[in-house]
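This report refers to the structure that appears directly beneath it.
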Amino acid sequence: MTGPVLSVRNLRVEFPTRHGTLRAVDDISFDIAAGEVLGVVGESGAGKSMTGTAVIGLLEPPGRIAGGEVRLKGQRIDNLAGEALRRIRGRRIGMVFQDPLTSLNPLYRVGEQIIETMRTHLPMSEAQARRRAIELLSEVGIQGASDRLDSYPHQFSGGMRQRVVLALALCAEPELIVADEPTTALDVSIQAQIIQLIKRLCRERGTAVMLITHDMGVIAETADRVAVMYAGRIAEIGQVADVVQRPSHPYTKGLMGSIPTLEGSETRLVQIPGSMPRLTAIPQGCAFNPRCPQAFARCFLEQPAAVFVGRSEVACWLASATPVQGTP
Amino acid sequence: MKPERPLVDVQGLSRVFDASKPWLNRMLEGEQRMLLKAVQDVSLQIGRRETFALVGESGSGKSTVAKMVVGLLQPTAGRVTIDGVDMWKTTASDEMTALRRRIQMIFQDPYASLNPRWRVGAIIADPLNAFGLTKGRDETEAKVAELLRLVGLDPADMHKYPHEFSGGQRQRICIARALSSNPEFLVCDEPTSALDVSVQAQILNLMRDLQDQLGLTYLFISHNLAVVRHMATRIGVMYLGRLVESQPSAELFKAPRHPYTRMLLDAVPDLKMSGRQRRMIEGEIPNPISPPAGCAFHPRCPLALDRCRVDVPTPFASGGRTLACHAVEV
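For the record, the sequence lines run as chains A and B.
With the first letter of the first sequence counted as 1, position 91 gets the number 106 in the working numbering; the numbers rise by one all the way through.
With the first letter of the second sequence counted as 1, position 186 gets the number 975 in the working numbering; the numbers rise by one all the way through.
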């Protein structure tokens, strides 16, 4: 298959309120190829979850996609209505959310939930679906899968529940998985297990993954490429090794410096003054200008467009020599 | 041994919670009492101006230790001695008040630990009034302004309400409140876990600066080893209610001894992408109500011996480190 699995172009998400329209996601473009993991990283309020929610068509009104398009294997999905969208969600796009307890129905056995999802989307008999569900559960690392199929969600531990949710997301063989903070609620030792699992399963199946997280460590371990978001825009997007080791955008640099590491011996962490602006008060020009140590006149007037720095695309006036359009 | 006695001395601290069903249910359903041993036999010392960090995963008992050290929760057994005063034995109320002034706590969630109906000035002034540290309104206000400046906020912020601040600013307010009674010892329970990384860096830097400036002693609770490395002079690792290892920070990261400590270090994502060798961790944390016999870590331990399944290893101290493990020599 050539061409990206997911292609997002100039996506805009807006919330009309009494005090004017708030723009949660502002002109975002990216692609994800088959088998690729794109990390979307940012702090609270950066718009990363909003981007994920817009891609799977789960925006809560009054939030709406105000511009741009989302294509899944070339087919436009951002303008689909309820029923058509429901056929894609769960079938062609799988989802994993932060809290595994709220993504599972507490009143149904986990097996029933997986079997129901499979039979909704795929032509399968009950017995076939049951066999497949057992296979899936053992594949995600649940021991004694044939017995555990008849357990209720509360009988699983947090890590095991997230494995079940992953099985549920994968059960209809989707082309894309949107995982929103899949390991945030878990302990470090369990987090490492789940990260490995997501990575392995998606590589084996050639599933594209959009991994949304605030944790740069998780991104460095899992993702192939990473998009760093700030105030609803992409500040920097590129190969993980480039962005993590040679960040170009002042925000990414500050972000990387502010993370305490096991290797470093520095006594003080780099600190970015201030905090993420609220949606009601996004500064004019580059949204990062009040916190940027290198801001100059142009940054306060015009919003920078993405330009190539090496293999990464960076939205910063410091980096721009010749602005380019879109992705190659 | 150091000539100076440690500021905080914790000996054999234990806490058992009763997690059983009500009496009538137990009678009707024929069930046993269920006791949760949240903390078992924890001993540690914290010297002046040191930062002792307790790390561990959920359910390891680190927050319970913090609550007992600060005096919010009575231990089932053991002793907490702060500067020579046994916290849970002292009956003299003036001695206790004097002690309370010298210990303060910072909590994890800055949204839940500030009263939304109080102005920031009143929140910070509360300990001042409670201990009678200032005389008159002018002096109180001046002190609050000074505290706000100390934590990097504007003195004019004292007239605002907590909801007008971001998470990081609220944590600064919590720190200002904790500092208002001039404490020597601060217990910080996951002070930055609810914050974004760039804000976390601000708060951690602030806490270090304040320690240098005011000569504070910290007990720092965290699940994040990288944060702990940045803050601590000494680290204790907890697993299912027991302290399995404690060492000076630099040595712990250079040469972790206990298999669980090694496992925790391996689990930290490799940000620098240095290709560091990592061993995958098997299994999950057992249920603390029915922990495994012997060493609680043995089902997940790569080095487990037969003895580990039977005997609980006793902590053995030598050369400034403590280790509780049968398989590894101190």
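Where a beta carbon is used, it is the ideal one built from N, C-alpha and C, also for glycine.
Among the residues of its own chain, which have a CB less than 7 Å from the CB of residue i, if the five just before and after it don't count?
i	result
B/Q863	W877
B/G1083	C1097, R1098, V1099, D1100 and V1101
A/G175	At residue 175 of chain A the sequence reads Met, which differs from the Gly that was named. I157, listed in sequence order.
A/V180	V111, P115, S118 and L119
B/T1022	E839, T840, P1037 and S1038
B/Y1028	G845, S849, Y1049, A1085 and F1086
A/P298	P292, N304 and P305
B/P1091	P1048
Listing by chain order, which chain A residues have their CB less than 9 Å from the CB of residue i?
i	result
B/H1087	Chain A residues near B/H1087: none, gap ~16 Å exceeds 9 Å.
B/R1031	Going along chain A, no residue has its Cβ under 9 Å from B/R1031, so there is no contact; the nearest lies around 17 Å.
Is the Cβ of residue i closer than 8 Å to any Cβ of chain B?
i	result
A/H229	yes
A/L284	yes
A/V259	yes
A/T276	yes
A/V339	Confidence in A/V339 is poor, its pLDDT being 46 and thus under 50, which makes the residue's placement unreliable; the coordinate value appears in the next sentence. False, the Cβ-Cβ gap to chain B never drops below 8 Å.
A/D202	yes
A/V52	no
A/E236	yes
A/L270	yes
A/S327	no
A/G35	no
A/G62	no
A/S153	no
A/S263	no
A/S370	Since the displayed chain A opens at 16 and closes at 343, residue 370 of chain A lies outside it and no answer follows.
A/D195	no
Just to make sure I have the definition right: I need the residues of chain B whose C-beta is within less than 8 Å of the C-beta of residue i. Which are they?
i	result
A/A302	What A/A302 touches in chain B: nothing, since even the nearest Cβ is about 14 Å away.
A/G174	E1073
Report yes or no: is there a C-beta of chain A within less than 8 Å of the C-beta of residue i?
i	result
B/V988	yes
B/I1074	yes
B/P1037	no
B/E846	yes
B/H1012	yes
B/P1058	yes
B/C1114	no
B/L1054	yes
B/G957	yes
B/N814	no
B/A1015	yes
Using the beta-carbon of each residue, which ones in chain B are nearer than 7 Å to residue i?
i	result
A/S59	D985
A/I205	E1073
A/V233	P1058
A/G253	Simply none; closest approach about 14 Å.
Less than 7 Å separating the Cβ of residue i from some heavy atom of the ligand FAD?
i	result
B/I992	By its list of ligands, the structure shown contains no ligand whatsoever, and the ligand FAD lies outside what it can speak to.
So which residues of chain A does residue i contact, with C-beta pairs closer than 7 Å?
i	result
B/Q991	Q286
B/R1018	P275 and L277
Excluding sequence positions up to five away, which residues of its chain have a Cβ less than 6 Å from the Cβ of residue i?
i	result
A/G54	L226, I234, A238 and V241
A/P265	C307 and Q309
B/R794	none
Between which residues of its own chain and residue i is the CB-CB distance below 8 Å, once the five residues before and five after are set aside?
i	result
B/L1005	R838, P972, E973, F974, L975 and L999
A/R326	G253, Q254 and D257
A/T105	Here the sequence assigns Gly to residue 105 of chain A, which means Thr is not the residue at that position. Result list for A/G105: T132, T135, H136, A187 and P189, in chain order.
B/H1087	P1081, A1093, C1097 and R1098
B/G801	D830, V831, S832, A866, G867 and R868
A/L95	G72 and I103
How would you list, in chain order, the residues of chain A whose beta-carbon sits under 8 Å from the beta-carbon of residue i?
i	result
B/F1042	L277
B/A901	Neighbours of B/A901 on chain A: none; closest Cβ ~16 Å, over 8 Å.
B/V854	In chain order: nothing, as chain A lies at least about 18 Å away.
Given that residue i touches chain D, what residues does it touch there, using C-beta distances under 7 Å?
i	result
B/N994	Among the protein chains of the structure shown, namely A and B, there is no chain D.
Ordered list of alpha helix (DSSP H) runs contained in the region 256-282 of chain A, each at least 4 residues: 265-273
Do the region 166-174 of chain A and the region 120-131 of chain A touch if we need at least three Cβ pairs shorter than 8 Å? yes
Three CB pairs or more closer than 8 Å across the region 848-866 of chain B and the region 912-919 of chain B: no
Just checking, does the region 843-861 of chain B make contact with the region 1011-1021 of chain B on the three C-beta pairs under 8 Å criterion? yes
I'd like to know if the region 882-898 of chain B and the region 926-945 of chain B are in contact, where contact means that at least 3 CB-CB pairs between them fall below 8 Å. no
Enumerated in chain order, which unbroken segments of the alpha helix (DSSP H) with a length of 4 residues or greater are wholly contained in the region 88-153 of chain A? 97-103, 115-118 and 125-136
Taking one C-beta from the region 821-829 of chain B and one from the region 801-813 of chain B each time, how about it: are there three or more such pairs within less than 8 Å? yes
May I ask you to verify whether the region 188-205 of chain A touches the region 36-44 of chain A, counting CB pairs closer than 8 Å and requiring at least 3? no
List in chain order: all unbroken beta strand (DSSP E) runs of 3+ residues lying wholly within the region 994-1035 of chain B. 1006-1011 and 1023-1028
Using 8 Å as the Cβ pair cut-off and three pairs as the minimum, do the region 1041-1051 of chain B and the region 213-220 of chain A touch? no
Within 8 Å, do at least three Cβ pairs link the region 262-277 of chain A to the region 986-995 of chain B? yes
Mind listing, in chain order, the continuous beta strand (DSSP E) runs of no fewer than 3 residues lying wholly within the region 814-845 of chain B? 824-835 and 840-844
Does the count of Cβ pairs from the region 67-85 of chain A and the region 18-33 of chain A closer than 8 Å reach three? yes
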